[in-house]
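S.K.:
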Amino acid sequence: MVDWLEFSILDSEFDFEKVCKLLDFLDFSFEHSRSFYYEDVYNYQNMIYIYENPKGATKNNKHVHVKFTGKGCRFLEQKYNNCIKEEMLARLMFINIKVSRLDVCIDTDTKFVSDLIDDAINYRFTTYKTRRIVMEESNTIYLGSTKSEKFIRIYEKDKESKDNKFIGDRVELVLKNEYATNEFYNRNNLYKIISTYLNQVEFESSKSQQIWISLQGEKCEISPSIRHSKSQLKDKIEYIITTYGKTLRAGVMAFGAKTVLSAISEELISDKLLRMVE
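Residues 780 to 1057 in this note's numbering are what the sequence shown lists, from first letter to last.
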């Protein structure tokens, strides 16, 4: 699941109110404040933040920045009754955005962090050159630098959250900037995406490696060295066809092309959508 999401809407026509309409936040009571970088910050229960009017911005770099914390993601999953990534893709597909951070995590009902600590401490793993171990109330392993644009965090979720209802550990993939933007537009599901990144790491001991493999599922294509900029209409239409082509084809076979095209046309000019982009 997505456990953190930050993105900037680069369309200069957007402001706080238009973002609220687009994301269906009109019934939220935001508190207003300021920050070091933005003239206006709107905060909903310390879960959802919308930053407007960056200080010193020109017409060329004016933007609105949106942040969902972990609690915000859990809240929005209930609101949208859907995966955050898919919901945001649908709402932001035709808008020029840059994703600055995307956290994807796997929660397990098993305890495995302590079994990986020894290999991590002694650098007996591949891919990442750095690591950090935090051994406090909740043991945490960082593979890669937290200052870099991708790293993996492994920790005892139950102890960190002190949630008696949850017993188990978490693996979290943190992606920033190009990596985050790339995987935000990746048509594969989140489990395949995080599994592919985890697959890049190998532990030397067979026990640790066996545990590591058990956390992974199917793999998929990732291309973090390529920026997936969907600012061009052609790219976005190609994405929709690639992602939903089978569904559209099935609809055409069942109801006919004219009926499907008519339904799409009606949806595009619906009152609900017009209110979202107004």
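All C-beta atoms in this analysis are idealised placements derived from N, C-alpha and C, irrespective of residue type, glycine included.
Values in this document were obtained by computation on a predicted structure and should not be read as measured data.
Between which two residues does the alpha helix (DSSP H) holding F963 run?
M.R.: Start and end: N956 to F963.
S.K.: Quick one: is R949 buried, meaning 16 or more other Cβ sit within 10 Å of its Cβ, or exposed?
M.R.: That one is buried.
S.K.: Who are the near neighbours of E962 in its chain, counting only those whose CB is closer than 8 Å to its CB and skipping five residues on each side?
M.R.: If we look at E962 and ignore the five residues flanking it on each side, its Cβ neighbours are L881, V883, L954, I972, I1001 and P1003.
S.K.: Whose C-beta lies closer than 6 Å to the C-beta of D819 among residues of the same chain, with five residues either side of it excluded?
M.R.: These residues qualify, in order along the chain: E831 and N832.
S.K.: Could you give the DSSP three-state label for T1038: helix, strand or coil?
M.R.: If DSSP states are grouped into helix, strand and coil, T1038 belongs with the helices.
S.K.: Relative to the alpha-carbon of T906, which residue among F982, A836, I1043 and N875 has its alpha-carbon at the smallest distance?
M.R.: Checking every option, the nearest Cα to that of T906 belongs to F982.
S.K.: Excluding the five sequence neighbours on either side, which residues of its own chain have a C-beta within less than 6 Å of the C-beta of F854, listed in chain order?
M.R.: So the qualifying residues of the chain are M826.
S.K.: M780 to L969, Cα distance in whole Å?
M.R.: About 7 Å.
S.K.: Counting only runs of 3+ residues fully inside the region 913-943, write out the beta strand (DSSP E) ranges in chain order.
M.R.: Complete beta strand (DSSP E) runs here, min 3: 919-922 and 929-934.
S.K.: By the three-class DSSP mapping on this structure, what secondary structure does C884 have?
M.R.: Strand, per DSSP.
S.K.: Out of E856, F930, F795 and V843, which one is the CA nearest neighbour of E810?
M.R.: It is F795.
S.K.: Is S791 helix, strand or coil by DSSP?
M.R.: S791: coil per DSSP, three-state reduction.
S.K.: Would the region 882-902 count as touching the region 978-997 if we require 3 or more Cβ pairs under 8 Å?
M.R.: Yes, since at least three Cβ pairs between the region 882-902 and the region 978-997 fall closer than 8 Å, the two stretches touch.
S.K.: Quick one, are the C-beta atoms of T960 and C999 less than 9 Å apart?
M.R.: Not a contact, by the Cβ cut-off of 9 Å.
S.K.: Buried or exposed: D806, going by 16 or more other Cβ atoms within 10 Å of its Cβ?
M.R.: Under this definition D806 is an exposed residue.
S.K.: Report the rounded CA-to-CA distance for Y817 versus K834, giving the unit in angstroms.
M.R.: Roughly 5 Å separates the two Cα atoms.
S.K.: Can you give me the C-alpha to C-alpha distance between D898 and L784, rounded to a whole angstrom?
M.R.: In a straight line, the C-alpha of D898 is about 31 Å away from that of L784.
S.K.: For V913, count neighbouring Cβ atoms within 10 angstroms of its own Cβ and tell me buried if that reaches 16, exposed if not.
M.R.: Under this definition V913 is an exposed residue.
S.K.: Run the CB neighbour count on T772, radius 10 Å, all protein chains shown included, and call it buried at 16 or more, exposed below.
M.R.: Examination of residue 772 is not possible in this model, given that the chain is present from 780 through 1057 alone.
S.K.: Sorted by chain position, which residues of the same chain lie with C-beta nearer than 8 Å to E865's C-beta, five sequence neighbours on each side aside?
M.R.: Same-chain partners within the cutoff: there are none.
S.K.: Using only alpha-carbon positions, find the residue among E939, S940 and V980 that is nearest to L952.
M.R.: The option with the nearest alpha carbon to L952 is V980.
S.K.: According to DSSP, is R949 helix, strand or coil?
M.R.: In the structure shown, R949 sits in a strand (DSSP, three-state: E or B).
S.K.: From which residue to which residue does the alpha helix (DSSP H) around K846 run?
M.R.: From DSSP, K846 is part of no alpha helix (DSSP H) but of the beta strand (DSSP E) over V843 to F847.
S.K.: Would you grab the beta carbon distance between N967 and E928 for me? Rounded to a whole angstrom, and I think it's under 8 Å.
M.R.: About 20 Å separates the two Cβ atoms, so there is no contact after all.
S.K.: Is the separation between the beta-carbon of T887 and that of G947 shorter than 9 Å?
M.R.: Yes, the Cβ-Cβ distance between T887 and G947 is below 9 Å.
S.K.: In the DSSP assignment, find the unbroken beta strand (DSSP E) run with I829 in it and report its ends.
M.R.: It spans I827 to P833 - the beta strand (DSSP E) in which I829 sits, taken as one unbroken run.
S.K.: Rounded to a whole number of angstroms, what is the C-alpha to C-alpha distance between G849 and E856?
M.R.: Cα-Cα distance, rounded: 11 Å.
S.K.: Quick one: using the 10 Å Cβ neighbour count with 16 as the cut-off for buried, is L922 buried or exposed?
M.R.: Classification for L922: buried.
S.K.: On the three-state DSSP scale, how would you describe S814?
M.R.: Three-state result, S814: coil.
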